[in-house]
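Colleague: Here you go, one structure.
Protein chains: 2
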Amino acid sequence: MTSSRRERILEAGETLMSQRGFHAVSMREIAREAGANLGSVTYHFGTKENLLAEIYARHTVPMNRRRMELLVEAERISDRRERLSAIIRAFVVPAFSASADSAGGGARFTRLRAILSMEGNETAGRIIADAFDETTHAFVEALGRCLPGADEAFITWRLHFLLGALYYTLVGGERINRLTAGRCDGNDQQAAIEQLVSATADSLACDGAAGNPRAA
Amino acid sequence: MTSSRRERILEAGETLMSQRGFHAVSMREIAREAGANLGSVTYHFGTKENLLAEIYARHTVPMNRRRMELLVEAERISDRRERLSAIIRAFVVPAFSASADSAGGGARFTRLRAILSMEGNETAGRIIADAFDETTHAFVEALGRCLPGADEAFITWRLHFLLGALYYTLVGGERINRLTAGRCDGNDQQAAIEQLVSATADSLACDGAAGNPRAA
DNA sequence: GTCTATATAGAGATAGAC
DNA sequence: GTCTATCTCTATATAGAC
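Quick mapping for you: the protein sequence lines, in order, are chains Z and H.
Read in order, the letters of the first sequence are residues 62 to 277 in the numbering used here.
Read in order, the letters of the second sequence are residues 62 to 277 in the numbering used here.
This is the structure in structure tokens:
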């Protein structure tokens with residue numbers, strides 16, 4: 062094998078950074094978590110920045126591919142309201158799928174993106190802009206075909222809100238449990254997906270919207 | 062004076078940490094930004110954790126007070142749809158107000174909360190739970206009175222999404238500009254507030270909602 | 001209350017043996 | 001490809017002069 066260590070280091074880095082961010086995690090900690098030596102980490106990745114870049118690299122392509130596959134399927138639906146939900150679902154589901162699976166998405170990677178985008182990490186920012194903007198445009202356009210009369214700004218804002226809500230849900234699920242005193246589980250991913258999809262569909266399709274040009 | 066340095070250090074810490082988080086900012090950097098010496102920082106605050114705690118302390122009370130004032134005003138509105146928007150606005154506006162103003166809220170402090178909640182900072186988490194959960198409950202209840210038939214889980218999820226969207230908008234406004242090639246300004250706070258309010262109102266009030274029990 | 005100087009620890013990164 | 005050992009830098013925090 063080329064190196065199982067290398068894989069384990071990537072995995073360890075992704076796990077730890079997705080929990081606490083970039084700066085709060087040290088190379089030594091990553092090495093320990095991977096059962097490897099510090100020297101081995103720098104041998105494989107050189108710098109900490111580069112380790113992060115490689116963590117991103119192995120996820121972005123498969124994740125975008127999965128999103129686009131689901132988007133194509135969703136666009137085949139003729140009923141507009143059903144299609145709307147399916148498009149949103151195509152955006153959300155890959156972000157929640159089991160970690161490091163063949164779909165390449167995973168809640169863990171999404172958590173990582175959430176934290177690093179908040180921290181303003183430059184390496185991550187550059188990669189994300191390159192890797193995700195094109196896919197995001199495809200979703201804005203698909204939603205536009207679903208909602209004639211809704212303009213680009215309206216759709217982009219709401220897709221932006223969806224991403225923020227998605228990020229926050231993956232990171233702060235505990236808060237829902239606390240606020241509802243356990244009557245509602247913020248870590249139930251299936252429930253989270255359904256809530257995200259229905260909330261976003263309503264925010265896009267509802268005619269009472271002050272921000273919706275179709276209400277004018 | 063008791064100390065203008067002390068104030069300047071608090072200000073500097075808040076500014077820097079709201080941009081890059083807790084660990085990426087050093088005490089030295091904060092001292093330099095405040096035009097003070099490192100020794101002066103530890104004299105006033107002891108530890109970095111404690112500096113953070115004091116940054117939070119001076120904002121939480123006035124911010125919650127402002128939210129509650131606006132909530133009381135909103136609840137006087139008789140028209141349900143108007144009242145719904147006003148309640149959401151009462152939640153959102155203090156989070157966007159000019160930084161360090163008399164309302165104690167401010168975009169800068171909200172950015173700080175956003176970043177630290179993503180980083181899983183324990184100090185911040187404890188303070189936030191203590192300081193904000195009670196106010197959040199008041200909003201859930203007010204929304205419940207506005208939406209008979211909507212249950213607690215439905216409302217809590219959507220209020221949670223609002224907070225995530227709000228956080229992400231304050232941190233990642235640039236992304237909107239990039240995605241729309243400048244046709245729409247993510248840093249226009251007035252626009253952001255209007256979009257957040259209308260999107261959330263629709264997500265709560267729309268009858269087509271799959272996640273809305275009133276649709277059943 | 002503010003500074004200089006320093007103790008102590010931990011970080012990222014490198015060199016070279018195996 | 002993996003390890004040990006080490007260089008160099010920076011961090012938080014403290015002690016004590018002013």
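We put the CB at the ideal spot given by N, CA and C, even for glycine.
Helix, strand or coil, according to DSSP, for asparagine 273 of chain Z in the structure here?
Modeller: With a pLDDT of 49 at asparagine 273 of chain Z, under the threshold of 50, the modelled position of that residue is not reliable, and no figure is offered here.
Colleague: Measure the alpha-carbon distance for histidine 84 of chain Z versus glutamate 110 of chain H and round it to whole angstroms.
Modeller: Histidine 84 of chain Z and glutamate 110 of chain H: Cα-Cα distance of roughly 16 Å.
Colleague: In chain Z, which residues lie with their C-beta within 7 Å of the C-beta of alanine 85 of chain H?
Modeller: Correct list: His84, Glu180.
Colleague: Do you know offhand how far alanine 147 of chain Z's Cα is from glycine 205 of chain H's?
Modeller: Cα-Cα distance, rounded: 29 Å.
Colleague: For isoleucine 189 of chain Z, tell me which candidate among Z:Asn125, Z:Gln256, Z:Ser259 has the shortest Cα-Cα distance.
Modeller: The candidate whose alpha carbon is nearest that of isoleucine 189 of chain Z is Z:Asn125.
Colleague: Go to leucine 113 of chain H, then tell me how far its alpha helix (DSSP H) extends in each direction, as first and last residue.
Modeller: Per DSSP, leucine 113 of chain H belongs to the alpha helix (DSSP H) from 109 to 136.
Colleague: Look at glycine 225 of chain H and asparagine 248 of chain H and say whether their C-beta atoms are less than 7 Å apart.
Modeller: For glycine 225 of chain H and asparagine 248 of chain H, no; Cβs fall outside 7 Å.
Colleague: Let me know the secondary structure DSSP gives glycine 186 of chain H once reduced to three states.
Modeller: Reduced to three states, the DSSP call for glycine 186 of chain H is helix.
Colleague: Would you say alanine 185 of chain Z lies against chain H (beta-carbon separation less than 7 Å)?
Modeller: Alanine 185 of chain Z does not count as touching chain H.
Colleague: If contacts are defined as beta-carbon pairs under 8 Å, then arginine 172 of chain H and leucine 220 of chain H qualify, I think. What distance do you get, rounded to the angstrom?
Modeller: Actually they do not touch by this definition, with Cβ atoms about 19 Å apart.
Colleague: With DSSP as the reference, label asparagine 248 of chain H as helix, strand or coil.
Modeller: Coil.
Colleague: At the level of alpha carbons, what is the spacing between glutamate 136 of chain H and phenylalanine 106 of chain H?
Modeller: Glutamate 136 of chain H and phenylalanine 106 of chain H: Cα-Cα distance of roughly 41 Å.
Colleague: Name, please, each residue of chain Z whose Cβ falls closer than 7 Å to the Cβ of histidine 105 of chain H.
Modeller: Those do not exist, as histidine 105 of chain H stays about 24 Å from chain Z at its closest Cβ, beyond 7 Å.
Colleague: Against chain H, with Cβ distances strictly below 7 Å, would valine 153 of chain Z count as a contact?
Modeller: Cβ-Cβ to chain H under 7 Å: no for valine 153 of chain Z.
Colleague: Assuming the contact rule is C-beta atoms closer than 8 Å, threonine 196 of chain Z and arginine 128 of chain Z should be a hit. Round their C-beta distance to whole Å, please.
Modeller: Going by Cβ atoms, the distance from threonine 196 of chain Z to arginine 128 of chain Z rounds to 6 Å, so yes, they are a contact pair.
Colleague: So what does DSSP say about aspartate 191 of chain H, is it helix, strand or coil?
Modeller: DSSP places aspartate 191 of chain H in helix when its eight states are reduced to three.
Colleague: Using the C-alpha atoms, what's the distance from leucine 77 of chain Z back to alanine 253 of chain Z?
Modeller: Their Cα atoms are separated by approximately 23 Å.
Colleague: Any idea what DSSP makes of aspartate 212 of chain H, helix, strand or coil?
Modeller: Of the three classes helix, strand and coil, the one that applies to aspartate 212 of chain H here is coil, per DSSP.
Colleague: Can you pull the chain Z residues whose beta carbon is under 8 Å from the beta carbon of serine 79 of chain H, in chain order?
Modeller: Chain Z residues near serine 79 of chain H: none, gap ~10 Å exceeds 8 Å.
Colleague: Pull out every residue of the stretch 238 to 267 of chain Z whose Cβ sits closer than 9 Å to any Cβ of chain H, in chain order.
Modeller: Listed by position along the chain: Arg239, Leu240, Thr241, Arg244, Cys245, Gly247, Ala252, Ala253, Glu255, Gln256, Leu257, Val258, Ser259, Ala260, Thr261, Ala262, Asp263, Ser264, Leu265, Ala266, Cys267.
Colleague: Residues of chain Z with CB under 8 Å from arginine 174 of chain H, in chain order?
Modeller: Those within 8 Å of arginine 174 of chain H in chain Z number zero; the least Cβ separation is about 10 Å.
Colleague: May I have the straight-line CA-CA distance separating asparagine 273 of chain Z from arginine 142 of chain H, to the nearest angstrom?
Modeller: Confidence in asparagine 273 of chain Z is poor, its pLDDT being 49 and thus under 50, which makes the residue's placement too unreliable to answer from.
Colleague: For chain Z, is any of its Cβ atoms less than 7 Å away from the one on leucine 71 of chain H?
Modeller: No, no contact with chain Z.
Colleague: Would you list, in chain order, the members of the stretch 193 to 208 of chain H that have their beta-carbon closer than 9 Å to a beta-carbon of chain Z?
Modeller: Cβ contacts with chain Z come from Asp194, Thr197, His198, Val201.
Colleague: Rounding to the nearest angstrom, what Cα-Cα distance links aspartate 246 of chain Z and arginine 66 of chain H in this structure?
Modeller: Going from the Cα of aspartate 246 of chain Z to the Cα of arginine 66 of chain H covers about 45 Å.
Colleague: Going along chain H in order, which residues have a C-beta closer than 9 Å to the C-beta of tyrosine 117 of chain Z?
Modeller: Ordered by position in chain H, no residue passes the 9 Å Cβ test against tyrosine 117 of chain Z, which lies about 16 Å from the chain.
Colleague: Find the nearest neighbour of leucine 227 of chain H within the set H:Leu257, H:Ile176, H:Asn182, H:Gln251, judged by alpha-carbon distance.
Modeller: Of the candidates H:Leu257, H:Ile176, H:Asn182, H:Gln251, the one whose C-alpha sits nearest the C-alpha of leucine 227 of chain H is H:Leu257.
Colleague: Can you have a look at asparagine 182 of chain H and say buried or exposed, based on whether 16 or more other CB atoms are within 10 angstroms of its CB?
Modeller: So asparagine 182 of chain H ends up on the buried side.
Colleague: Could you tell me which of Z:Leu240, Z:Leu177, Z:Thr217, Z:Glu202 sits nearest to glutamine 80 of chain H, measuring between CA atoms?
Modeller: Nearest C-alpha to glutamine 80 of chain H: Z:Leu177.
Colleague: Check whether the Cβ of threonine 217 of chain Z lies closer than 7 Å to any Cβ atom in chain H.
Modeller: True, the Cβ-Cβ gap to chain H drops below 7 Å.
Colleague: Against chain H, does glycine 272 of chain Z count as a neighbour if the rule is that its beta carbon must be under 7 Å from one of theirs?
Modeller: Caution applies to glycine 272 of chain Z, whose pLDDT of 47 falls short of 50 and renders its modelled position unreliable; the model cannot decide the point.
Colleague: If you drop the 5 nearest sequence neighbours on each side, which residues of the same chain put their C-beta closer than 6 Å to that of alanine 277 of chain Z?
Modeller: The predicted model places alanine 277 of chain Z with a pLDDT of 38, which falls under 50 and marks its position as unreliable; any figure quoted below should be read in that light. There are no such residues.
Colleague: Note down, in chain order, each residue of its chain lying with its Cβ closer than 7 Å to the Cβ of threonine 184 of chain Z, except the 5 sequence neighbours on either side.
Modeller: Correct list, in chain order: Glu110, Leu113, Ala114.
Colleague: Quick check on this structure: which residue in Z:Arg239, Z:Val154, Z:Met88 has the alpha carbon closest to the alpha carbon of alanine 168 of chain Z?
Modeller: Answer by Cα proximity: Z:Val154.
Colleague: Would you give the residue range spanned by the alpha helix (DSSP H) that alanine 92 of chain Z belongs to?
Modeller: Here the alpha helix (DSSP H) through alanine 92 of chain Z covers 88 to 94.
Colleague: Does the separation of the CB atoms of phenylalanine 152 of chain Z and phenylalanine 200 of chain Z fall below 7 Å?
Modeller: For phenylalanine 152 of chain Z and phenylalanine 200 of chain Z, yes; Cβs fall inside 7 Å.
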